[in-house]
Structure formats: structure tokens, C-alpha cells
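*Asks:* Heads up: the protein sequence lines correspond to chains D and Z, in order.
Counted from 1, the first sequence has number 121 at position 122 by numbering that gives the first Met the number 0; the numbering is strictly sequential.
Counted from 1, the second sequence has number 114 at position 115 by numbering that gives the first Met the number 0; the numbering is strictly sequential.
All C-beta atoms in this analysis are idealised placements derived from N, C-alpha and C, irrespective of residue type, glycine included.
Keep in mind the model is a prediction, meaning the values are calculated, not measured.
Sharing a structure with you now.
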Amino acid sequence: MNAATSDSPRIGVYVCHCGSNIAHMVDVEEVRAWAEETLKGEGVVVARDYKFMCSSLGQELIQKDIRELGLNRIVVAACSPHLHEKTFRAACEKAGLNGYLCELVSIREHASWVHTDKAAATEKSKMIVAGGVKRVRYDEPLDPLRVPIHKRTLVVGGGIAGIQTALEIANAGYPVYLVEREASIGGHMAQFDKTFPTLDCAACILTPKMVDAGEHPNITLLTWSEVTRVEGSLGNFQVTIRKKARHVVEDLCTGCGICTEKCPKKVLDTVFEAGLGYRKAIYTPFPQSVPKYPVIDVENCTYFVKGKCKACQIFCPTGAIDFEQEDEETTVEVGNIILATGFQTFDPRRIPQYGYGRLANVFTSLEFERMSNAAGPTGGEIVLRDGKTKPQSVAIVHCVGSRDRRYNNYCSVICCMQSLKFAHLVKERTGAEVYNFYIDMRTAYKGYDEFYQRVLSEGVNLVRGKVAEITDAARLPGEEGKLIVQVEDTLAGRQRRIPVDMVILSVGLEPRKDAYETAKLFGISCSANGWYTEKHPKLDPVATMTEGIFIAGACQGPKDIPTSVAQGAAAAARVLGHIQAGEMSMEPIRASVDEARCSGCRICNGLCPFNAISFHDDRRVTEINPALCQGCGTCVAACPAGAISGTGFSDAQVMAQIEGLLWDVRV
Amino acid sequence: MNKTFEPVLIGFTCNWCSYRAADLAGTSRTKYPPNIRLVRLMCSGRLDPTFVLKALAEGADGVLITGCHPGECHYLEQNYKALRRYHLLRRTLQSLGIEPERVKLVWASASEGLQLAEAIREFTEEIRTLGPLRWNAQAELRSEEVPLEAVP
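Shown next, in the form of C-alpha cells:
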């Protein structure tokens, strides 16, 4: 028991109805009366209830009591502290009471919303209030820690969301590191041909932004690079970035492309061309790559594999090829981090009945994007796998791997519009008969439903039903040599077999396969599906629960280009807010050692993952560095002498809360 | 009035995962029995085993300890320390003559409101089956004064 209870506690208890959110399941008046009567001995001077404690009138009620009744401790029984703790602390501060002398206990999330027996929920609420009252007696006045914010920002991921984020911050005048693991920024958007619903060409609208990012004096572009280590916290992160060896000296390379031209080795491009086309062993992913410098793929380069060739080096006019180049590690200091690491597409091999990988003319949406792209492997020709035959009929299957309990139960958001775009492109370029197979048509954003109407008017066949199988086993006349789509047409109410030449699977979006490792690296969390968790799903969609780390784009969940751009800009605005404020306040929850009580046993020494604990050999005592301490309290729990105390969660506070929570059964 | 034994439970939650899971259970109106009363800590690593003993001594029939899944700790690895202490604590309880099943550790991430509610429901039933703890003679006395009818 470290902290002693304050002089003489004068506690005010405020019970919130939250409209009917609490009041429908908890007898608020009974809780109030009980607290006022029963907890008098604990120092409760007044207990009130109010319709909405968080409203300005509710807050004024508290402030008035602080001033007039001389309250020195406040307990608010309302919603979760994650929602309104700041509100009530600020209200107390305004009335001259330190905000940390206010406890917000939840009788909404933890009682009224989860229970069905009003008497039991009311009794439980009384205990929750008693827990708060007992605890608040041991609360100490604290001041939030002020952390200076480093002006540099790190953006991870160079897709459209990351590019937008970096540009917003750079345009505001602050330096940004933009890290991208591939050889060029651009992300998935650079692979696309047209973008829905306007059908403007993806490259035409993306490449100017890429160039802006590449040339911006405030943006340091680190492509072919990955983050390997993150230390520190809001305001001052130390991030280690591994620059993979390009084997091309950036200072000398002019991006002329002769090396790529002369390289004798062709490699199947499974990244940018989605396995549909080839690249060289020294390459830039696409002609408009930013930066313009190529990379050598050492796994396939003839020189690296066989020890001879060096064609690129021989022909390079500036001597920029360096086979000896090694990976480099640099550590940068940044104040905030934005993750825009994007998504990957669902692998349709996981649904064997759709035949992808087995039936040649079943394509994925990403393959079709490359095929329909004028700069792609077929020069924009929509053809079968043989590379020349135009399809007479095309099936487009929606929701592949999405909205399916066996794979991903969520909607991938973009597939309906993407599939309609494909239908339009196929119709426009080949005149083929097009069948779209959908479960529900989801075209809910500006201009989207209009696009759907347009595609309908173009004569595309829309079949409502989940495709059961795609097969080349002909059973009926007219099916020979075709792919047969077996489907239950739920509008016509019958089974159909539709023979087509080509099938496009609109594959869903998934978190990147290393999303979890990345989340761990940065200390943020993932949802059950693996998407990064935002601080609040509605009101704080770009912040994370880790201060100073933000998320933007599809790493947070499936989303289209306009939403990714909006999120990128939103995340940038949040970071700029931090930078301009110059410093931010942080919870003052830290551990400290009472040297007089420390026996020097060193039990705590090995417990801190942040290296905040050090041992002084001369004095035989342990010390905790408050700048490194993150406030988990593990060492506090471990100290056998009770010499370590944790602010905000001291032994006395927790013990008192337990006593309060067990008020009815204590003996 | 229902006279069956209603266990009183204390649940220790981590600020970053299980406390938020409990919030999420509330926001999504997932129902669970009202027997549990939650305490928020910054981390399951903060859980001093004496907190558990304190809860049992003060009249709780069971204690649920919750934290982030292994590998997901907000403070990197402190939930592993909670796990170690949990195993030691269960042994200690046994040697004190208390069923170790009265203390249970479950992992729940911030997105697992449903799972946490289910774990609470399960634990409530487990302790209901075990019956009241009656840590000390005082409790014994009290139970004589107010007979707990239909105690299994």
C-alpha cells in the first residue's frame, strides 16, 4: 500500500442515464440513492443522476458541485473511459480540480448493454460505483506528460494512399520518408487500366502524383526498402529501414533503360504483370516507374546465378551497375508513422471448383487488369490464354473468396464495381456476350449506381446466383470446347449451365500475408480478419490505439481509390495537427522506484522489454527511466518489497477498487 | 426471487485488448451473465497475484484474468509474464486448499467481444458448478445467518 488516502475525501457521484441507454436496464435513481446513503462513510458528499452527464449541462452540474460543495474527488458512472474519460477530466480541470482525481466507471458497456435482468444490472452498477468511489480515494493529482513532436514523418507503403499521405504532409512543408518495398511506388493502382466509375485511365491520374512524390523536395523516397525495427513512441520514433541492394548506383544511373534492353534473361513477372507477362532480370516494374532506377533480381540474374554475363554492366553508359552492392541499414527519427501497406488479392486456387490454375481460360481480376491495359502484356487486347483468340462469350464471377464463410466472410467492397467495369470493357473491345454472376449488386457511392445502369443498358447479362462450378466437361450440345458455368439463377428459380470462352474471377481483397508481422513490428493490432484496427470504427478511423501511429487505405479494410485517397489525406491531417502543436500530451502512467524501499534484489530487472530498468551497482538499487517506461506495470506487480509504484494504477487504487466491487459480499 | 447460487466474479482486463473487447460486447449488445465485475489494468502484466488473492478473500468466488493473445501484447511480451504468474498462482491456490479452477486465464483481443462474452458465460457456469468459495470462517458465519438455499 503506497499512496495514502487524501486528507479528507469529499466525493461527488454522478450517475448518467445516457438517455435510455443506461436507464432502460439500470435503475439509475436507485443507484444514485444507494451511493449517497451507503457510501457516505467512504466520503461521498453528494450523488446525482442526470439524463446526459457528458452534455455541457451535465458537466456544469459537476463543476458547480466542485465549487460550491468543495468536492475533491469525482466519480462518474456512465460509459467506457475510452469514450468520455477526457471529457470529464477536462470538466474537472475547468472547475479547478485536477483531472486525474476523476474516475469514470462504465455502467453502460459493462452493465446496461450486456445484461437482461434489470435488478441484477442495477445491483452490479452499484458495485461498479462502489469500486470507483473506493478507488478514487487513492487517486493522486497528476499532470499529463508533454512530449515534443519530431517534425519528420514516416509513411510506409507507396500505393495511392501512401502517396497521397506523403504529398499532403510534404506540401504543408514538413519532411516525409516514404518507404516502399517494391522497386517503384504506385501500388496496385499502377497495375489497373481504367478506374470506375469514370473510366479514366489509372496511369493518367496516378503517374503525375508519383512524379510529384518522386521530385518533391520534402519527400525522401526509399523504394526497394523495408522497415526492420521500430523503437520509441509518439513524438520520437527511431525506425530502422533496410535498403535492399539494387545493384544499381542511383547517383550514376540516368534511367536510360539500356541495361534492361540488353539483359538476355526473361523472367515471368508475377508481381506487376500478375504472372501474365515477362520482365528482364534487371528491370523497372513498369515504364513510368518512380524512381526510374532499375533493380537486379539476383535470384534470376545470369551473373548472380552462373557467375558470368554482366551484359548490363558492359552496356551501361554511366557505369552505374554495381554487382558488389550490399543491403544498407539506416535509422531515421520521426515523430509520427502512417501505415498504408495495402492489401493482396484472394488466391482463387483455394476454390478448386472454379478451376483457376487448372482451366487455362479462367483468369483473375488482376490478370484481366493487366490484359486490358494498353501497356500490358497483350497490348490491351482481350484474348484467351493462347494470346490470340478473341473470346465470343465471357463470364465474370463476383464475390470470389468474399462473403463466404469458408474463406472471407466480409464484402470486399470493390468487386461489384470492378466486375461491372470489366463487363463494359469486354463489351466495348470484343463485342462478346457478357454474363455477370453476382450475389447482391453493391454499387453504393457517388456515380456508382449510374455506372451500373449504364452497363445494364449496354446489354450485359446479369445473373443473380453464386456460381457452383466452372468446368470443361461438356454434357450438352454446344458445350464442347467451352468453359461451362454451373449456377443457380435465383431470380429465374432454376439451375443453368452457361457455356463461355473466358471466365474472369473477381477475387476479393485480403490483408497482406505479412500484415500481422507488420502490425507487431509497429505495435498496433489487427481485427479477427487481419485488417488493422482503427482507434474508433466511426469517429477515429485513421488513428490506432498506439499513439503516433496512423493507418490509411486498404490495410484498414477493403476500400476503393477515392476512399483510400480520403483516408490518406485524413491521416496526414492528423499528423500535421501533431506537428503544428509542437508537443502532445500523454497519459502520465509510469512506474517509479522508491529507492529507500528497494532491496536491490533485481527481480524486476529482466522484466522490461523497453530497457527502462537499470541497476545501480554502487548504490545497489534499481532505477526506472521515465522516458523509456511505457507504463505496463509488470515490474510494479513483480516487486516483492512494494518499492515500485505505478501512477494511475497503484496497488492501493486497485486493491481499493476490488474492495468496492465486492461491497455486497465483503465480510 | 431466484434462490440458486449466483457466483460473484472479478475479472481483470487489459486496457488495450480485453477491456476494449468488453466495451465492444457492450456496443454490439452481446449478452452475458451479470455475475462478473471488471477491473481495468494497463496490461495483464500489471496483475499482481495478490490482487487475485485479495478478490477471493473479499468474497469473490472466482477470478477471470484476461489479456492480449500471445504475440499481441501492447507492451510486446508482458502477457507472457502474466501467463507465468498465472501458473504459479494456480499451484499456490491448490496448496492453500482452493480449487485452482477458480482462477482462469483467457486471451481476448480488442475485436473479440463475442468471444469474451462467451468466455465469461462459460466461467460463470464453471464457478456455479464449483459452488461458493467461503474463503474464511466469517463467510461461513454469514452464510449461516443468510442461508444460501439450493447450494449445490
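Tell me which same chain residues have a C-beta within less than 7 angstroms of the C-beta of His149(D), skipping the five on either side of it?
*Replies:* These residues qualify, in order along the chain: Gly234, Asn235, Glu332, Val333, Gly334.
*Asks:* Suppose contacts are defined by Cβ-Cβ distances below 8 angstroms. Is Val104(D) in contact with Ala24(Z) by that definition?
*Replies:* Cβ atoms of Val104(D) and Ala24(Z): not closer than 8 angstroms.
*Asks:* What does Tyr437(D) pair with, by DSSP beta-bridge criteria?
*Replies:* Per DSSP, Arg463(D).
*Asks:* Classify Ala491(D) as buried or exposed, calling it buried when 16 or more other Cβ atoms lie within 10 Å of its own Cβ.
*Replies:* Exposed.
*Asks:* Is any heavy atom in the ligand ZN found nearer than 7 angstroms to the beta carbon of Ile73(D)?
*Replies:* This structure simply doesn't include the ligand ZN, nor any ligand for that matter.
*Asks:* Excluding the 5 residues preceding and the 5 following Cys262(D) in the sequence, name in chain order all residues of the same chain whose CB lies nearer than 7 angstroms to its CB.
*Replies:* Here the set comprises Lys279, Ala280, Ile281, Ala310, Cys311.
*Asks:* Using DSSP's beta-bridge definition, name the partner residues of Tyr282(D).
*Replies:* Partner(s): Val294(D).
*Asks:* Which residue or residues does DSSP assign as beta-bridge partners of Asn235(D)?
*Replies:* In the DSSP output, where bridge partners are listed per residue, Asn235(D) has Ser232(D).
*Asks:* I want to see whether chain Z comes within less than 8 angstroms of Met0(D), judged by CB atoms only; does it?
*Replies:* Here Met0(D) scores only 35 on pLDDT, less than 50, and its place in the model is too uncertain to base an answer on.
*Asks:* Can you give the Cα-Cα distance for Asp439(D) and Tyr447(D), rounded to whole angstroms?
*Replies:* Each residue's Cα considered, the two are about 14 angstroms apart.
*Asks:* What is the DSSP secondary structure of Gln324(D), counted as helix, strand or coil?
*Replies:* Three-state DSSP puts Gln324(D) in coil, outside helix and strand.
*Asks:* Return the chain-ordered ranges of every beta strand (DSSP E) run that is complete within the stretch 466-543 of chain D and spans a minimum of 3 residues.
*Replies:* Entirely contained in the stretch 466-543 of chain D, the beta strand (DSSP E) runs reaching 3 residues are, in chain order, 466-470, 482-488, 493-499, 501-506, 508-510.
*Asks:* Can you say whether Glu368(D) is buried or exposed, counting buried as having 16 or more other CB atoms within 10 angstroms of its CB?
*Replies:* So Glu368(D) counts as buried.
*Asks:* If we call anything under 8 angstroms between Cβ atoms a contact, is Val105(Z) one with Leu88(Z)?
*Replies:* No; because the gap between Cβ atoms is not below 8 angstroms, this pair is not in contact.
*Asks:* Could you compute how far the alpha carbon of Leu627(D) sits from the alpha carbon of Ser584(D)?
*Replies:* Between Leu627(D) and Ser584(D), the C-alpha separation is close to 16 angstroms.
*Asks:* Given this structure, state the Cα-to-Cα distance separating Gln452(D) from Leu198(D), to the nearest angstrom.
*Replies:* In a straight line, the C-alpha of Gln452(D) is about 15 angstroms away from that of Leu198(D).
*Asks:* Decide if Val7(Z) is buried, meaning its Cβ has at least 16 other Cβ atoms within 10 Å, or exposed.
*Replies:* Under this definition Val7(Z) is a buried residue.
*Asks:* Going by the beta-carbon positions, is the gap between Ser418(D) and Ile395(D) smaller than 8 angstroms?
*Replies:* The answer is yes: Cβ separation under 8 angstroms.
*Asks:* Leaving out the 5 sequence neighbours to the left and right, which residues in its chain are closer than 8 angstroms to Arg601(D) when beta-carbon positions are compared?
*Replies:* Cβ neighbours of Arg601(D) beyond the five flanking positions: Phe614, Thr621.
*Asks:* Where do the ends of the beta strand (DSSP E) carrying Trp106(Z) lie?
*Replies:* Taken as a continuous stretch (DSSP letters only), the beta strand (DSSP E) holding Trp106(Z) covers 102-106.
*Asks:* To the nearest angstrom, how far is the alpha carbon of Glu181(D) from that of Trp223(D)?
*Replies:* Approximately 5 angstroms, taken between the alpha carbons.
*Asks:* Identify the residues that DSSP records as bridge partners of Pro147(D): which are they?
*Replies:* Beta-bridge pairing links Pro147(D) to Glu582(D).
*Asks:* By the 7 angstroms beta-carbon criterion, what residues does the stretch 83-109 of chain Z contribute toward chain D?
*Replies:* If the cut-off is 7 angstroms between Cβ atoms, the stretch 83-109 of chain Z has Ser108, Ala109 near chain D.
*Asks:* In this structure, does DSSP put Asn360(D) in helix, strand or coil?
*Replies:* DSSP places Asn360(D) in coil when its eight states are reduced to three.
*Asks:* For Thr164(D), name the three-state secondary structure that DSSP assigns.
*Replies:* Correct three-state label for Thr164(D): helix.
*Asks:* In the DSSP assignment, find the unbroken alpha helix (DSSP H) run with Phe609(D) in it and report its ends.
*Replies:* Counting along the chain, Phe609(D) falls outside any alpha helix (DSSP H), and DSSP gives it neither H nor E.
*Asks:* Between which two residues does the alpha helix (DSSP H) containing Cys258(D) stretch?
*Replies:* Unbroken alpha helix (DSSP H) run through Cys258(D): 257-261.
*Asks:* Let me make sure I understand the geometry here. Which of Arg9(D), Pro147(D), Val12(D), Val30(D) has the alpha-carbon closest to that of His577(D)?
*Replies:* Looking at the Cα atoms, Pro147(D) is the closest of the given residues.
*Asks:* Tell me which same chain residues have a C-beta within less than 7 angstroms of the C-beta of Gly632(D), skipping the five on either side of it?
*Replies:* Only Ala590, Gly645, Phe648 meet the Cβ criterion.
*Asks:* What is the DSSP secondary structure of Cys414(D), reduced to helix, strand or coil?
*Replies:* Helix, per DSSP.
*Asks:* Residue range of the beta strand (DSSP E) that Lys265(D) falls in?
*Replies:* Lys265(D) -> beta strand (DSSP E) spans 265-268.
*Asks:* At 3 residues or longer, and completely inside the stretch 77-151 of chain D: list those beta strand (DSSP E) runs for me, N to C.
*Replies:* As far as the stretch 77-151 of chain D is concerned, its whole beta strand (DSSP E) runs of at least 3 residues are 101-105, 144-147.
*Asks:* Flag Pro33(Z) as yes if its beta-carbon sits less than 8 angstroms from any beta-carbon of chain D, otherwise no.
*Replies:* Cβ-Cβ to chain D under 8 angstroms: yes for Pro33(Z).
*Asks:* Candidates Gly130(Z), Arg28(Z), Gln77(Z): which alpha carbon is nearest Ser43(Z)'s?
*Replies:* It is Gln77(Z).
*Asks:* Consider the Cβ of Leu75(Z): report whether some Cβ of chain D lies at a distance smaller than 8 angstroms.
*Replies:* Interface residue, yes.
*Asks:* Measuring CB to CB, does Leu205(D) end up less than 8 angstroms from Val178(D)?
*Replies:* Cβ distance not < 8 angstroms, so Leu205(D) and Val178(D) don't count as in contact.
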